[in-house]
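Inspection log for the structure reproduced underneath, given as structure tokens.
There are 2 protein chains.
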Amino acid sequence: MFYIIGLGLGDCKDITVKGLEIVRKCSRVYLEAYTSILTCGTEALEKFYGRELIVADRDLVEQGADDILAGSGTEDVALLVVGDPFGATTHTDFILRAQEKGIPYQVVHNASIMNAVGCCGLQLYSFGETISIPYWDDTWQPDSFYDKIVANYDRKLHTLCLLDIKVKEPTLESLTKKKREYMPPRFMSVKEAAVQLLQIIDRKQAGIKKDVFCIGLARVGAENQQIVGCSLEKMSEVDLGGPLHSLIIAGPDLHPLEVEYIEQFTI
Amino acid sequence: MFYIIGLGLGDCKDITVKGLEIVRKCSRVYLEAYTSILTCGTEALEKFYGRELIVADRDLVEQGADDILAGSGTEDVALLVVGDPFGATTHTDFILRAQEKGIPYQVVHNASIMNAVGCCGLQLYSFGETISIPYWDDTWQPDSFYDKIVANYDRKLHTLCLLDIKVKEPTLESLTKKKREYMPPRFMSVKEAAVQLLQIIDRKQAGIKKDVFCIGLARVGAENQQIVGCSLEKMSEVDLGGPLHSLIIAGPDLHPLEVEYIEQFTI
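Encoded structure:
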């Protein structure tokens with residue numbers, strides 16, 4: 001059996017009882033460590049599960065799916081992913097491959113940022129389409145996500161912005177070499193996201209304003225979780241510490257219960 | 001400390017390890033049993049947790065919040081909720097009350113239908129606003145949610161429709177009596193939801209068509225989970241068995257990976 005198990009968002013103990021039982025009985029357990037991370041680290045997970053994990057980095061996940069699935073028709077193999085298994089298309093793709101090979105599979109759900117974001121007090125029913133904000137560089141500065149934020153805002157909906165993660169990105173120089181070299185991992189902060197959004201507003205001069213109310217979230221579900229509410233302009237100066245961060249652009253009209261709840265986070 | 005703990009969607013073992021440890025150390029543990037249900041039943045939960053649970057029905061949740069919170073400033077009290085703690089405004093309200101009373105609180109996240117719905121293969125990033133479909137009666141047939149489905153569809157987004165649950169609804173006759181009598185619990189099926197939607201389409205003659213592609217989901221996360229994809233018209237004849245059900249109205253253009261994944265469920 002091939003298992004794909006969500007680890008939730010916080011630390012080792014956010015795995016479900018069902019998930020833990022499976023992890024302990026599998027012959028091989030992979031930890032997907034490229035679409036997201038758990039801040040507690042791999043060693044802490046290994047210690048808590050009482051077993052060895054194989055870290056599946058970008059290369060292994062994207063090119064080594066057959067290796068990961070190997071043998072799971074006759075023995076138990078698990079792939080652990082941060083959040084919920086259906087948070088990234090990469091994981092859906094794994095299930096498709098298992099099906100193609102006639103391998104039975106089971107999914108163990110868990111919390112993901114898509115629902116845990118409710119912890120800021122904004123109602124999940126009032127969110128529109130979720131968007132992703134990618135890192136810009138000198139030559140590539142896409143901003144198509146901005147129109148989606150504006151479309152949500154015009155419909156009085158909040159927008160959850162997932163922020164870019166760059167893990168195991170090969171350096172430009174090493175692309176032509178035999179031996180790949182990698183850049184240090186980068187995780188976009190709410191501050192960086194706010195700065196990019198302000199630049200887009202400057203360019204477009206339409207859509208949302210710079211004083212739009214935002215909520216910055218860091219390390220949701222972890223003990224040192226942080227939530228801050230302020231204008232987008234102010235958010236560009238906020239430091240919420242280590243990864244992972246998410247940003248919400250609130251809709252124009254908050255429900256009284258939302259206002260009451262968010263007060264505790266507003267600066 | 002006041003704990004509010006998500007139980008996930010499937011059975012007893014979908015609680016997280018963190019959640020289970022807290023449940024076992026609390027002096028009182030309430031099970032919220034009115035905004036949603038776990039099909040495994042209260043007795044199975046009590047047996048698995050190795051402790052007694054206090055079932056918090058609608059009356060207790062809506063009027064007895066002070067009783068539930070009582071003493072949690074000095075001892076540990078937990079409220080267990082199906083899915084994630086921030087799935088219903090009722091639960092957010094509990095946290096606000098705890099704050100007002102100066103009671104420290106901790107949230108333990110888990111999967112909810114808002115993210116677990118990804119199991120049908122539609123990408124979570126391509127969902128618009130989530131809506132709720134209420135039961136109609138002879139005198140009350142609201143349809144404002146229909147415009148939201150259409151607005152999502154026009155933006156090429158999927159709509160997750162949460163279906164009505166009626167638990168501990170007093171009978172009309174007993175409302176004026178001293179002793180309340182309750183109607184048997186009702187859980188809207190995808191079939192019932194589809195029938196109501198088809199009636200709205202007949203009335204409005206605009207928006208989405210009767211052959212729009214839909215996905216019906218039943219008991220997501222449980223072992224006997226069922227998923228079916230077909231036209232709305234056909235969905236009005238589909239029987240997916242026991243609760244809870246959810247319905248998705250798919251957007252007009254599916255991603256190739258979505259199409260490939262959904263094939264296995266399509267009838």
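If you read the protein sequences in the order shown, they are chains S and A.
With the numbering used here, letter number 23 in the first sequence gets 23, and the count goes up by one each step, no holes.
With the numbering used here, letter number 73 in the second sequence gets 73, and the count goes up by one each step, no holes.
Where a beta carbon is used, it is the ideal one built from N, C-alpha and C, also for glycine.
Q.
Looking at the secondary structure, which residues open and close the alpha helix (DSSP H) in which residue 6 (chain A) lies?
A. It is not in any alpha helix (DSSP H) - residue 6 (chain A) instead sits in the beta strand (DSSP E) that spans 2-6.
Q) With a CB to CB cut of under 6 Å and the five nearest residues on each side skipped, what residues in its chain are close to residue 64 (chain A)? A) Here the set comprises nothing.
Q. Could you give the distance in angstroms between the alpha-carbon of residue 271 (chain S) and the alpha-carbon of residue 193 (chain S)?
A. Residue 271 (chain S) falls outside the range modelled here, since chain S spans only 1 to 267, and no answer is possible.
Q. Can you find a CB in chain A that lies within less than 7 Å of the CB of residue 3 (chain S)?
A. Residue 3 (chain S) does not count as touching chain A.
Q: Give me the Cα-Cα distance between residue 185 (chain S) and residue 33 (chain S), rounded to the nearest whole angstrom.
A: Cα-Cα distance, rounded: 11 Å.
Q | Spatially closest choice to residue 196 (chain A) from A:135, A:60, A:165 and A:258, by CA coordinates | A | Closest option to residue 196 (chain A), Cα to Cα, is A:135.
Q: Can you say whether residue 22 (chain A) is buried or exposed, counting buried as having 16 or more other CB atoms within 10 angstroms of its CB?
A: By the beta-carbon neighbour count (other beta carbons within 10 angstroms, threshold 16), residue 22 (chain A) is buried.
Q.
What ranges does the alpha helix (DSSP H) occupy inside the stretch 45-106 of chain A, keeping only unbroken runs of at least 4 residues that lie completely in it?
A. Fully enclosed alpha helix (DSSP H) runs of 4 or longer: 58-63, 65-69 and 89-100.
**Q.** Inter-residue spacing [alpha-carbon to alpha-carbon] between residue 164 (chain A) and residue 27 (chain S)
**A.** Approximately 43 Å, taken between the alpha carbons.
Q.
Rounding to the nearest angstrom, what Cα-Cα distance links residue 67 (chain S) and residue 46 (chain S) in this structure?
A. The C-alpha of residue 67 (chain S) lies about 21 Å from the C-alpha of residue 46 (chain S).
(Q) Less than 7 Å between CB atoms is the rule here; does residue 114 (chain A) satisfy it with respect to chain S? (A) Residue 114 (chain A) counts as touching chain S.
Q: Measure from the alpha carbon of residue 257 (chain A) to the alpha carbon of each residue in S:94, S:206, S:257 and S:230, then state which is nearest.
A: Of S:94, S:206, S:257 and S:230, the residue nearest in Cα terms is S:94.
Q) Hey, quick one: how far does the beta strand (DSSP E) through residue 28 (chain A) stretch, first residue to last? A) It spans 28-32 - the beta strand (DSSP E) in which residue 28 (chain A) sits, taken as one unbroken run.
Q: Go to residue 249 (chain A), then tell me how far its beta strand (DSSP E) extends in each direction, as first and last residue.
A: That run of the beta strand (DSSP E) goes 245-249.
Q) Can you list the beta strand (DSSP E) stretches of 3 or more residues lying completely in the stretch 167-233 of chain S, in chain order? A) If we require 3 residues or more, the beta strand (DSSP E) runs fully inside the stretch 167-233 of chain S come out as 213-218 and 226-231.
Q: Could you name the residues of the same chain whose beta carbon sits closer than 8 Å to that of residue 148 (chain S), not counting the 5 residues immediately before and after it, in chain order?
A: Result list for residue 148 (chain S): 128, 129, 131 and 159, in chain order.
Q) Which value, in whole angstroms, describes the spacing of the CA atoms of residue 153 (chain A) and residue 250 (chain A)? A) Approximately 7 Å between the Cα atoms of the pair.
Q: Kindly confirm or deny that the stretch 232-245 of chain S and the stretch 173-184 of chain S touch, where touching means at least three C-beta pairs closer than 8 Å.
A: Cβ pair count under 8 Å is below three, so no.
Q. If you draw a straight line from the C-alpha of residue 278 (chain A) to the C-alpha of residue 85 (chain S), how long is it?
A. The structure shown does not extend to residue 278 (chain A), since chain A is modelled only from 1 to 267, so the question has no answer here.
(Q) Strictly by DSSP, which residues pair up with residue 132 (chain S)? (A) Beta-bridge annotation (DSSP): residue 132 (chain S) is paired with S:162.
Q) What distance in whole Å lies between the Cβ atoms of residue 113 (chain A) and residue 246 (chain A), which are believed to be in contact at a cut-off of 8 Å? A) Indeed they touch by this definition, with Cβ atoms about 6 Å apart.
Q: Closer than 8 Å by beta-carbon distance: list the chain S residues that pair up with residue 13 (chain A), in chain order.
A: Simply 16, 17, 18 and 21.
Q: Would you please state the rounded distance, in angstroms, between the beta carbons of residue 90 (chain A) and residue 108 (chain A)? I believe it to be under 8 Å.
A: Taking the Cβ atoms as the reference, residue 90 (chain A) lies roughly 17 Å from residue 108 (chain A), outside the contact range of under 8 Å.
Q | Own chain, CB closer than 6 Å to residue 261 (chain S), minus 5 neighbours either side, in chain order | A | Once the five neighbours on either side are set aside, the close Cβ partners of residue 261 (chain S) are 121.
Q | For residue 256 (chain S), the first and last residue of its enclosing alpha helix (DSSP H) | A | Run containing residue 256 (chain S): 256-262, per the alpha helix (DSSP H) assignment.
(Q) Rounded to the nearest angstrom, what separates residue 166 (chain A) and residue 133 (chain A) at their Cα positions? (A) A direct Cα-to-Cα measurement between residue 166 (chain A) and residue 133 (chain A) gives close to 12 Å.
Q. For the alpha helix (DSSP H) that contains residue 265 (chain S), what are its first and last residues?
A. Premise fails: residue 265 (chain S) is in no alpha helix (DSSP H) and is neither H nor E.
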